[in-house]
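**Student:** Okay, handing you the structure first.
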Amino acid sequence: MYPIIAVFLTGVAAMFIEMLWPRRTNNAIVLTSLVGLGISAALVGTIWGQTSESLGGLFINDRFGQVMQIALIAVTFITILYSEGYLRERRVPFGEYYPLVIWSAVGGMIMATSRDLLVIFLGLEVLSIALYVLSGLSSKERKSQESALKYFLLGAFASGFLLYGIALVYGATGSTHTGSIAALMQMGDGVDPVNVKLLYGG
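Residues 145 to 346, numbered by the working numbering, are exactly what the sequence shown covers, in order.
Printed below as a string of C-alpha cells:
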C-alpha cells in the first residue's frame, strides 16, 4: 500500500505547487513528480520478493503486483520526463496534466494489487477518469474534445458490463474476493463462465 500512497501524495503535491507557485509551475512540478515516483519505486524495492496482505485481504503484495507497480511507475516517470515539448506545443496546462498522469498510475497500481472485484473496479475508474480528462485537455483542438467524448462513452459502456459481471458473480458466490471466487471455480461450484466473460468484457 505504501507505494500507492506515495504516488497519490506525489500527485497531490504537484497540484498544490500549481496553486502556490504558478509562475514556477513546470520545473517544480516535474522535479516533485520525478522525486515522488523515485521514492515510490524505492518503496516497492524494499518489499521486493515478499508476499503479504493488507487492509483485511483487499490488497496483496506479491511478485506480480510488484512488477506491475514498477512498470507503471517507470512508464509514468518517462511520460513526465518527455512531456514538456508536447505540452508547450499543444498549450496544455502543466498544472493539470502532471497530477492527472500520476493519478492514472495510482488507478493502475490499485488494480494490480487488489484482491477484491469492487476495489479493482474503483482502481479502473480512477485510471479511466484521469484518462478521460487527459484526452480532452487540449481544449482548442476539436479532435481532443472528440476523443475525450468517445473514450468516455466507451468507458461508460465497458464499466456497465464490468459491474453487471461483478453483480452476477457476487450473486453466484456471495463474495467479491478473487481468492474465494477462484476456489469456488476450481470446485466447479456456483460460477457461470458467462459471468466471468462479462468481467473480462468490461
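Just so it is clear, CB atoms sit at the ideal spot from N, CA and C, and this is done for glycine as well.
#1: Among residues of its own chain, excluding the 5 on either side of G346, which ones have a beta-carbon nearer than 6 Å to its beta-carbon?
#2: If contacts are defined as beta-carbon pairs under 8 Å, then A172 and I161 qualify, I think. What distance do you get, rounded to the angstrom?
#3: Got a sec? Which residues, its chain only, sit under 6 Å from M253 by beta carbon, not counting five neighbours each side?
#4: How would you call P243, buried or exposed, if buried means at least 16 neighbouring beta carbons within 10 angstroms?
#5: Identify every residue that forms a DSSP beta bridge with D260.
#6: Quick one: measure Cβ to Cβ for L202 and R259, integer angstroms, because I've assumed they're closer than 8 Å.
#7: Is the beta carbon of L178 closer than 8 Å to that of F221?
#8: Can you pull the DSSP bridge partners for S198?
#9: Measure from the alpha carbon of A274 to the alpha carbon of each residue in F265, E290, S248 and T257, then state which is nearest.
#10: Considering only residues of the same chain and omitting the five flanking positions on each side of S184, which have a CB-CB separation below 6 Å?
#11: Can you name, in chain order, every residue of its own chain whose Cβ lies under 6 Å from the Cβ of S279, other than the five neighbours on each side?
#12: At what residue ranges does the stretch 249-303 contain a whole run of the alpha helix (DSSP H), taking only runs of 4 or more?
#13: With the cut-off set at 8 Å, would you say N205 and T190 are in Cβ contact?
#14: Is it right to say Q330 is buried, meaning 16 or more other beta carbons lie within 10 angstroms of its own, or is it exposed?
#15: Kindly indicate which residue of T223, Q210, V245 and K284 has the alpha-carbon position closest to the one of P276.
#16: Should M163 go down as buried or exposed, given a rule of 16 or more other Cβ atoms within 10 Å for buried?
#17: Is the beta carbon of L328 less than 8 Å from the beta carbon of T317?
#18: When the Cα atoms are used, what is the spatial distance from M159 to S198?
**Tutor:** This is what the structure gives:
#1: On the sequence shown, position 202 is the one that residue 346 refers to. Only weak support is given to the placement of G346: the predicted model assigns it a pLDDT of 49, under 50, and the value that follows is read from those uncertain coordinates. Cβ neighbours of G346 beyond the five flanking positions: A302, F305, L306 and G309.
#2: Position 28 of the sequence shown, counted from the start, is the residue given in the question as residue 172. Position 17 of the sequence shown, counted from the start, is the residue given in the question as residue 161. Sure, about 5 Å apart at Cβ, within 8 Å.
#3: As a first step, residue 253 is located in the sequence shown; it is residue number 109 there, counting from the start. Answer for M253: I148, Q213 and L216, listed in chain order.
#4: If you number the sequence shown from 1, residue 243 lands on position 99. Its Cβ being crowded by 16 or more others within 10 Å, P243 is buried.
#5: To locate residue 260, count along the sequence shown from 1; it is residue 116. As DSSP reads the structure, D260 sits in a beta bridge with H321.
#6: In the sequence shown, counting from the first residue as 1, residue 202 sits at position 58. In the sequence shown, counting from the first residue as 1, residue 259 sits at position 115. Their Cβ separation, rounded to whole angstroms, is 6 Å, which keeps L202 and R259 in contact under 8 Å.
#7: If you number the sequence shown from 1, residue 221 lands on position 77. If you number the sequence shown from 1, residue 178 lands on position 34. Cβ atoms of F221 and L178: closer than 8 Å.
#8: Translated into the one-based positions of the sequence shown, residue 198 becomes position 54. DSSP, once it has assigned bridges, lists F203 as partnering S198.
#9: Stepping through the sequence shown from its first residue, residue 274 is reached at position 130. It is S248 whose Cα lies nearest to the Cα of A274.
#10: Taking the sequence shown and counting its residues from 1, one reaches residue 184 at position 40. P147, A150, V151 and I217, listed in sequence order.
#11: Here the question's residue 279 lines up with position 135 in the sequence shown. Once the five neighbours on either side are set aside, the close Cβ partners of S279 are S291, A292 and Y295.
#12: Counting only runs of 4 or more, we get 261-279.
#13: Taking the sequence shown and counting its residues from 1, one reaches residue 205 at position 61. Taking the sequence shown and counting its residues from 1, one reaches residue 190 at position 46. No.
#14: Within the sequence shown, the letter at position 186 stands for residue 330. Classification of Q330: exposed, given that the 10 Å Cβ count is below 16.
#15: Residue numbering aside, residue 276 sits at position 132 when the sequence shown is read from its first letter. Note that residue 276 is Tyr in the sequence shown, not Pro. Y276 has its Cα closest to that of V245, out of T223, Q210, V245 and K284.
#16: Along the sequence shown, read from residue 1 onward, the residue named residue 163 stands at position 19. That one is exposed.
#17: The residue labelled residue 328 in the question sits at position 184 within the sequence shown. The residue labelled residue 317 in the question sits at position 173 within the sequence shown. Cβ atoms of L328 and T317: closer than 8 Å.
#18: As a first step, residue 159 must be located in the sequence shown, where it is residue number 15. As a first step, residue 198 must be located in the sequence shown, where it is residue number 54. Taking the straight line joining both Cα atoms gives about 28 Å.
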